[in-house]
Every structure is written in C-alpha cells, then in structure tokens.
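In full-length UniProt numbering, the protein residues as written are 1 to 735.
We put the beta carbon where it would ideally sit given N, CA and C, even for glycine.
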C-alpha cells in the first residue's frame with residue numbers, strides 16, 4: 001500500500017509542479033490531505049481501498065495539469081483511471097446547479113440534455129460509489145481551507161456544499177463526515193450564530209457555571225481550564241472578540257478526532273499549550289472545552305462499567321462518543337422551536353456490547369438492558385427521552401437503545417446502547433456496506449452516531465414543563481392499545497414475553513400477563529426473521545391460557561405465569577405497580593407492529609383460540625430478507641443505493657426549478673418540463689441497470705432482455721405483463 005501511495009504522491013508532485021493554492025501552500029498539499037481523509041474512511045488494506053486513496057491523490061491531475069487519463073491508467077491501472085474520470089465528471093453537478101440557483105434570473109428548468117447528463121452521472125455513482133467518497137473528501141479539505149477565498153465566494157461555495165454534498169453524505173449514511181462539512185458551512189454562512197452556540201454549549205457543560213467557581217474539566221492526559229467572568233463581562237468579551245474565518249473553521253472539530261482516542265488526546269494537549277500562551281481564539285478554546293467535557297462523560301461511564309459489570313469473553317463492552325454538529329443543533333432548535341438546553345442529543349455516548357460475531361446475540365441484548373439499568377442508576381434519566389429501537393426497530397432495520405440523562409455536569413447527555421451486530425448494521429453507511437468487500441477486510445468506522453443524526457425521534461423533545469402537551473402526546477401514542485397485544489417485560493437484564501390482558505383508564509393503566517418461562521431476548525434479537533410466526537404463537541398461547549383460566553386481577557396466575565399491573569408514568573414508560581401502589585423500576589416495552597405483522601399476529605391468535613394449526617399461516621418475506629447468498633445481498637445493496645441516488649436526483653432537480661422563480665400553488669411537485677421521460681430499473685439477479693421509457697411495462701422489460709413472453713417478477717412479486725414500472729424497481733424475468 002505504502003509503495004503505491006508514495007508513487008502517486010510523486011506523480012502528483014510532478015504534475016502539479018509550480019501550482020499553488022489560494023492559501024499559499026503547494027497544490028500537492030491538497031492532494032495529500034484528500035488522501036489522508038480517504039485513509040480514515042476505507043479499510044487499512046485491500047486493492048480497492050488502496051486504489052481509492054491513490055485516486056484521491058490524483059483526482060485533480062486530469063482537470064488541472066497536462067497529464068492525460070491514459071497516463072494515469074498506464075501508471076496505476078484501469079481502476080484508478082476510472083475513479084479519477086468519475087470524480088472529474090462529478091464537477092458537472094456544481095456547474096449545473098450554479099446556473100439554476102442564481103437569484104432573480106428567470107430561466108427555464110433543466111433541459112432534457114442536462115437532466116440526462118445528471119442521470120448518467122448518478123448511475124455511474126451507483127456502479128462505483130468510491131467516486132462519491134473521493135469527491136466528498138476533496139470537498140471536505142476545500143472547506144477546511146475556504147478562508148483563503150473572498151467572503152462572497154466562500155459563502156457561495158458553503159451554500160453549495162450544504163445543499164448538495166452534505167445532502168448526499170446524509171443519504172449515504174456518512175454521518176461523521178457530513179457533520180464536519182455542515183459545521184464548516186455553518187461557520188462561513190452564519191459566523192455570529194456559530195460562535196454564540198459554541199459559547200452557549202460550553203457554558204451549559206461547564207460545572208463552574210452551576211456553582212459560580214472556576215471552570216475546570218479534567219481528562220486523561222489533558223486539562224483545560226478557564227476562569228469564567230461575570231455575565232456582563234462575558235457579554236462584553238463576546239462582542240469584542242471577533243474571530244477571523246480561519247479561527248471559526250479551526251473551531252470545527254475534524255471528524256477523525258472523535259473517532260480516534262489518541263488523536264483526541266493529542267488535540268486537547270496541543271490546545272491546552274496554545275491556550276496557555278493565548279495563541280488560540282476564544283471560539284477555538286470553546287471547541288476544546290466542549291470536547292473535554294465529552295471525554296469527561298465518557299471516562300465517568302467507563303469507570304462505572306468497570307466496577308458494575310463482569311467480564312464475559314466475547315461480550316466486551318466498548319465506548320465511543322460524539323458531539324452533534326452545531327448546524328444540526330441549530331436546525332433542530334428551529335424545527336422544534338426550542339432552546340439549546342432542550343436539544344438533549346447535543347453530545348452523546350455510544351456503548352457497544354460484543355456478541356462474538358452474532359453467536360451471543362441473545363445474551364448481548366440482555367446485557368444492553370442491564371447496562372441501561374446501570375446508566376439510569378448512575379445518572380438521572382430525563383423524562384420522556386427513552387426510545388427502545390431494539391424491541392421496535394426503525395423501518396430501515398436500525399436497532400439501539402436511546403436514552404437521555406443528566407450527565408456528570410448536570411447537563412443533558414444522550415447514550416446509545418446496542419450489540420455489535422446492531423452496531424455494524426448502523427455504523428457502515430449505505431455506500432460502505434458493499435463498497436470494500438474483500439476477503440479479510442473489516443470496514444473502518446466511517447460514521448458517527450448513525451441514523452439518529454437524521455432524526456433524533458425521541459418521545460418528547462419539547463418543553464417538559466408543558467404537562468398538558470405531554471399527556472396529550474402519551475394519550476395519542478397509547479390510546480389504541482388492544483387486549484392481546486404482545487409486549488416485552490424488562491427487569492434489569494431479564495427480558496420476558498408478555499401480553500396485555502386489560503386496558504384501563506384510556507390506556508394509562510394496563511393489566512399484563514407475564515410468562516416467566518418464555519425468555520424474550522431471542523424474539524427481540526431478530527423481529528423480522530422467518531421464525532416470527534412461531535414466536536407469535538407463543539404470545540397467542542399465553543393469551544389463551546389466561547383467558548381459559550379466567551385470570552383477571554394482579555397476582556392471579558401459576559408458577560410460570562403472573563398478572564401484573566403497569567401504570568404509564570412521567571418518563572413515558574409503563575412501570576410495574578405493586579400491591580402497595582408503589583412504582584418499581586420494572587417496565588414493559590410496547591411492541592409496535594407493522595400492518596403486515598399485525599395481520600399475521602391476529603391470524604395466529606385466531607388460529608390458536610380456534611384450535612387450528614398455525615403452520616398454514618405464511619409470513620411474507622421482504623426483499624431484504626430474501627437475500628440468501630452474498631451475490632443477492634450485493635444486488636440488494638445496489639438496489640438500495642440506486643433508490644437513494646434517484647431520490648437525491650429528484651431533490652436536486654426540484655431545487656434547480658425551485659430557485660428560478662417564485663413558487664406557484666402547484667410547485668411542490670417537480671415540473672413536467674424537467675422530466676426525463678424514462679425509468680431506471682435493476683435486473684435480477686445480475687444487477688445490471690436498465691433504462692426504459694416512462695410508461696414501460698413488465699412485458700417491455702422482458703422484451704428488452706430478449707425473453708419476450710416470459711413470467712416477470714417486480715420487487716419479488718409476480719405481476720401482469722401490463723404492470724407499469726417505476727424508478728428503482730427490481731425486475732426478474734423467469735426463464
């Protein structure tokens with residue numbers, strides 16, 4: 001790897017000889033920094049990974065020097081050449097949308113030729129998403145050094161980056177890189193708001209402000225200190241301290257700092273030394289203090305886990321942390337109309353429980369709930385801020401426990417807890433799932449708190465003091481609960497299957513039947529498995545047993561079944577209520593069923609009550625669960641990426657038309673004038689992309705494939721020949 005990289009650096013140095021950037025640095029420095037960023041995003045070995053880094057170093061050679069693409073292919077191979085060519089083509093997006101975002105310039109929407117070029121480029125990304133990674137790394141370094149441009153041009157580039165490249169990074173699941181890009185853009189576009197929010201967060205996270213003493217946050221290997229001034233002096237200092245754009249950009253923490261503990265420690269030590277000599281602007285020091293406060297939280301939890309948990313081989317517990325981008329916090333404040341102190345996920349810790357490559361997945365899930373109990377005893381949980389995505393996965397399949405607590409400094413802190421299997425599913429962005437599949441390679445951590453960055457999706461993010469709003473929210477959430485509904489009983493690390501027997505007081509109180517002989521960890525581990533029908537049967541038989549025995553009050557039951565009363569509490573959860581009306585820490589988690597699951601479960605319940613076999617009830621497998629081979633999994637990943645890119649294309653095309661004039665009443669849909677008049681489908685099982693005219697049918701796809709008259713399946717379902725195809729459909733022609 002090192003030899004190829006050194007060869008690429010030498011090639012780029014010769015090609016860019018005499019060229020300098022606006023910062024005054026040799027142009028080669030940009031090439032090397034782009035390669036370094038890519039090295040953080042790709043595996044540490046493997047030809048595809050090395051080619052990606054080499055192409056990143058050479059990405060500007062064709063456009064900015066006299067070297068040709070042929071010379072790159074001769075020196076480094078066709079793969080590197082194709083990547084460099086692909087990055088060069090991506091510049092088309094910038095040129096295209098710049099023309100259509102000019103204010104007060106009334107011009108037509110994208111022409112058919114422009115829209116077609118955009119489609120070709122996007123489909124090229126689907127064929128090799130490494131092109132996107134290189135372009136994002138290139139743009140990230142350009143944004144880090146954008147202070148060298150005139151302010152007006154810098155703002156235009158930042159706006160473009162926010163609109164296009166942050167959007168794409170988000171859709172591909174590259175959260176850490178996206179977060180840094182967003183904050184760099186935010187610092188350029190709204191510098192005053194940027195530094196004010198940075199100062200506000202440091203004020204929140206500083207223990208000194210709660211007791212009136214000096215600020216002092218200790219971390220392993222570093223100590224950041226600053227004495228807080230009185231409020232009026234602080235305001236004056238804020239007004240007088242006007243940092244340069246370079247200072248603001250330096251106050252954006254590089255994404256790799258949060259991913260690497262050694263880099264983080266070195267960063268804090270270096271910042272402490274420069275702070276002692278007053279070399280750094282206040283906004284930069286604030287960034288360091290925010291990072292140090294996060295490290296303090298991580299170390300406090302780490303110490304507690306070392307004391308409270310026992311070591312189990314294969315189930316090691318690892319910690320990581322992240323600071324939410326200021327831009328994301330700002331956007332959430334506007335969207336929710338709340339203050340910065342009500343954004344509970346501004347900083348977050350993640351706890352990952354090893355599951356021995358999935359062989360200990362059930363016990364690892366139990367450990368997750370045990371860790372949740374430890375966490376809630378260490379720090380006070382914030383009411384309404386617990387989400388159980390393990391019992392109730394997101395539609396994407398994302399699973400994790402999310403909770404918000406009052407951290408060691410008394411300020412909100414989000415904690416996510418999940419197994420290694422869940423972590424790997426969420427951590428690797430959409431592009432990365434299949435991007436570097438080579439034997440023996442493990443994907444490096446390229447995201448930074450995953451899907452929660454798109455939407456925190458907490459139960460209650462508005463003012464907790466608004467009791468009426470909270471009660472209304474809970475009523476809407478739980479008033480539709482039905483008798484017989486499956487739930488999970490959670491007590492420490494013990495998960496048991498249970499069903500609702502009675503709903504009282506409009507859903508505020510529940511009578512629940514708990515089966516002490518029916519552990520639920522395996523049920524929770526894989527809600528979407530093909531064995532779910534059998535699991536539904538266990539719940540149904542528990543429900544029937546209670547009905548047959550006429551058990552109807554708390555305490556009724558036998559040696560393996562017991563009825564318990566649960567009350568909806570201020571934290572948004574149903575807690576167990578004992579015979580003395582005391583609320584206990586034991587709680588139940590409502591299982592949210594999809595329409596398909598609800599239908600299947602009710603069918604199983606009916607069969608059990610009628611004494612019929614449940615084997616005849618077939619669970620309809622989804623496309624995602626149909627992949628039984630690595631080839632099928634790869635095609636499914638390609639389908640997901642294609643659909644993602646098509647959605648992004650729609651957003652870009654809509655933006656191009658949106659900015660050219662004032663919106664009319666019907667402008668929420670993309671104008672017909674920019675429609676391409678085609679659909680793009682994926683052919684199963686070879687994964688080829690096929691472009692057909694709009695209105696094409698399943699029969700047209702079969703005809704194009706040379707298999708006219710054969711049976712056609714669209715998205716796994718047998719369809720009629722005249723079924724119209726849509727963008728992103730998966731089409732299989734049966735021979």
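{"Item": "When the Cα of residue 708 is compared with those of 687, 732, 38, which residue comes out closest?", "Value": "732"}
{"Item": "Quick check on the DSSP output: the alpha helix (DSSP H) that includes residue 684 runs from which residue to which?", "Value": "No alpha helix (DSSP H) holds residue 684; the beta strand (DSSP E) holding it covers 678-684."}
{"Item": "Output the boundary residues of the alpha helix (DSSP H) element that contains residue 256.", "Value": "255-259"}
{"Item": "Return the chain-ordered list of same chain residues with a C-beta closer than 6 Å to the C-beta of residue 545, the five sequence neighbours on each side being excluded.", "Value": "none"}
{"Item": "Let me know if residue 78 comes out buried or exposed under the rule of 16 or more other beta-carbons within 10 Å of its beta-carbon.", "Value": "exposed"}
{"Item": "Look at the alpha carbon of residue 467 and the alpha carbon of residue 384, and state the distance between them as a whole number of angstroms.", "Value": "Low confidence applies to residue 467: its pLDDT is 47, below 50, so where it sits in the model is not reliable, and the reading given next is rough at best. Near 12 Å, if we compare the C-alpha coordinates of residue 384 and residue 467."}
{"Item": "Starting from the Cα of residue 480, find the closest Cα among 42, 508, 88 and give me that residue.", "Value": "508"}
{"Item": "If you run the structure through DSSP and keep just helix, strand and coil, what is residue 172?", "Value": "coil"}
{"Item": "If I measure Cβ to Cβ from residue 802 and keep anything under 6 Å in the same chain, skipping five residues before and after, which residues do I get?", "Value": "The question about residue 802 has no answer, for the chain in this structure spans 1 to 735."}
{"Item": "Hey, how far is the Cα of residue 139 from the Cα of residue 537?", "Value": "54 Å"}
{"Item": "Mind checking whether residue 243 and residue 144 have CB atoms under 9 Å apart?", "Value": "no"}
{"Item": "In whole angstroms, what is the alpha-carbon distance linking residue 228 and residue 35?", "Value": "With a pLDDT of only 38 at residue 228, under 50, the local geometry of the prediction cannot be trusted, and the value read off the model is given with reservation. When rounded, the distance between both Cα atoms is 41 Å."}
{"Item": "For the pair the stretch 353-367 and the stretch 305-319, tell me if three or more CB-CB distances fall below 8 Å.", "Value": "yes"}
{"Item": "Taking the straight line between their C-alpha atoms, what separation do you get for residue 339 and residue 298?", "Value": "25 Å"}
{"Item": "Looking only at its own chain, which residues have a Cβ that is under 7 Å from the Cβ of residue 27, when we skip the five neighbours before and after it?", "Value": "16, 19, 20, 21"}
{"Item": "List the residues that DSSP assigns as beta-bridge partners of residue 560.", "Value": "None, per the DSSP bridge assignment."}
{"Item": "Any idea if residue 273 is buried or exposed, counting beta-carbon neighbours within 10 angstroms, 16 or more meaning buried?", "Value": "exposed"}
{"Item": "Relative to the alpha-carbon of residue 582, which residue among 341, 591, 566 has its alpha-carbon at the smallest distance?", "Value": "566"}
{"Item": "Looking at the secondary structure, which residues open and close the alpha helix (DSSP H) in which residue 52 lies?", "Value": "47-57"}
{"Item": "Going by Cα to Cα distance, which pick from 293, 558, 45 is closest to residue 411?", "Value": "293"}
{"Item": "Could you please give me the residues that DSSP links to residue 487 through a beta bridge?", "Value": "498, 590"}
{"Item": "Under 8 Å, with one C-beta from each stretch per pair, do the stretch 378-393 and the stretch 581-596 reach the 3-pair mark?", "Value": "yes"}
{"Item": "Within the continuous beta strand (DSSP E) that includes residue 576, where are the two ends?", "Value": "574-577"}
{"Item": "Report the rounded CA-to-CA distance for residue 562 versus residue 495, giving the unit in angstroms.", "Value": "15 Å"}
{"Item": "Taking the continuous alpha helix (DSSP H) assigned at residue 33, which residues delimit it?", "Value": "28-41"}
{"Item": "What are the boundary residues of the alpha helix (DSSP H) that residue 605 is part of?", "Value": "595-610"}
{"Item": "Out of curiosity, what's the CA-to-CA distance linking residue 514 and residue 174?", "Value": "42 Å"}
{"Item": "Which residue or residues does DSSP assign as beta-bridge partners of residue 503?", "Value": "510"}
{"Item": "Suppose contacts are defined by Cβ-Cβ distances below 9 Å. Is residue 497 in contact with residue 518 by that definition?", "Value": "yes"}
{"Item": "Is residue 76 helix, strand or coil by DSSP?", "Value": "helix"}
{"Item": "Residue 409 to residue 415, Cα distance in whole Å?", "Value": "15 Å"}
{"Item": "Taking all protein chains shown into account, decide if residue 186 is buried (16 or more other Cβ within 10 angstroms of its Cβ) or exposed.", "Value": "buried"}
{"Item": "Is there contact between the stretch 248-265 and the stretch 155-164, where contact requires at least three CB pairs shorter than 8 Å?", "Value": "no"}
{"Item": "Rounded to whole angstroms, what's the CA-CA distance from residue 23 to residue 284? Just pull it up for me.", "Value": "20 Å"}
{"Item": "Please list, in chain order, all residues of the same chain as residue 287 whose beta carbon is under 7 Å from its beta carbon, the five residues on each side excluded.", "Value": "198, 251, 253"}
{"Item": "Kindly provide the ranges of any alpha helix (DSSP H) runs that are 4 or more residues long and lie completely inside the stretch 352-438, ordered along the chain.", "Value": "361-378, 420-427, 432-435"}
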